[in-house]
Amino acid sequence: MDSLMRRILIIDDEDDIREVAALSLEATAGWQILTASSGAEGIDIASLEQPDAILMDVMMPGVDGPTTFARMQQTPVIAHIPVLLLTAKVQGVDQRRFAGLGLAGILFKPFDPLTLAEQIATALGWKD
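Heads up, the sequence shown is in UniProt numbering, so the first residue is 1 and it goes up one at a time.
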């Protein structure tokens with residue numbers, strides 16, 4: 001995996017998803033994990049902490065992932081941070097809509113905790 005200490009921000013409204021993803025990334029990759037339970041909180045944390053990447057849920061109450069991503073792109077201090085969407089939706093129309101947003105990638109729920117870090121690293125082109 002990656003020898004660098006990567007910092008990943010996980011934005012998801014579900015506590016258990018945040019916890020499983022955080023534990024799996026810490027255990028399998030040794031990455032430092034930041035978490036947020038909403039898009040607005042995620043933008044605040046990303047602006048302050050400058051993570052290496054953001055893993056964000058698509059479906060969240062209030063402001064969803066794609067809308068949060070659009071706001072991030074309009075925020076100069078975080079617009080450069082790669083964002084991966086985490087979604088349970090696998091319909092082609094959704095994938096095409098997400099593909100047009102400029103995201104770094106799309107990962108699917110349910111994810112395999114043992115390969116999540118590898119999927120993120122592959123999507124972002126992080127090599128040893």
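Ideal Cβ placement from N, Cα and C applies to all residues, glycine included.
What residues match up with residue i in a beta bridge as DSSP calls it?
{"i": "residue 56", "result": "11 and 85"}
{"i": "residue 33", "result": "8"}
Could you spell out the range, first to last residue, of the beta strand (DSSP E) harbouring residue i?
{"i": "residue 105", "result": "105 to 108"}
Hey, could you find the ends of the alpha helix (DSSP H) residue i is sitting in?
{"i": "residue 116", "result": "116 to 124"}
{"i": "residue 68", "result": "65 to 73"}
{"i": "residue 79", "result": "Premise fails: residue 79 is in no alpha helix (DSSP H) and is neither H nor E."}
{"i": "residue 47", "result": "39 to 49"}
Please state if the CB of residue j and the CB of residue i are separated by a distance shorter than 8 Å.
{"i": "residue 45", "j": "residue 103", "result": "no"}
{"i": "residue 96", "j": "residue 52", "result": "no"}
{"i": "residue 106", "j": "residue 72", "result": "no"}
{"i": "residue 77", "j": "residue 37", "result": "no"}
{"i": "residue 28", "j": "residue 114", "result": "yes"}
{"i": "residue 54", "j": "residue 120", "result": "no"}
{"i": "residue 26", "j": "residue 33", "result": "yes"}
So residue i packs on residue j, CB below 8 Å; how close in whole Å?
{"i": "residue 87", "j": "residue 108", "result": "6 Å"}
{"i": "residue 39", "j": "residue 67", "result": "7 Å"}
{"i": "residue 21", "j": "residue 124", "result": "With 8 Å as the limit, residue 21 and residue 124 do not qualify as a contact, their Cβ atoms being about 15 Å apart."}
### Query
Does the region 75 to 82 touch the region 55 to 66, meaning 3 or more C-beta pairs lie closer than 8 Å?
no
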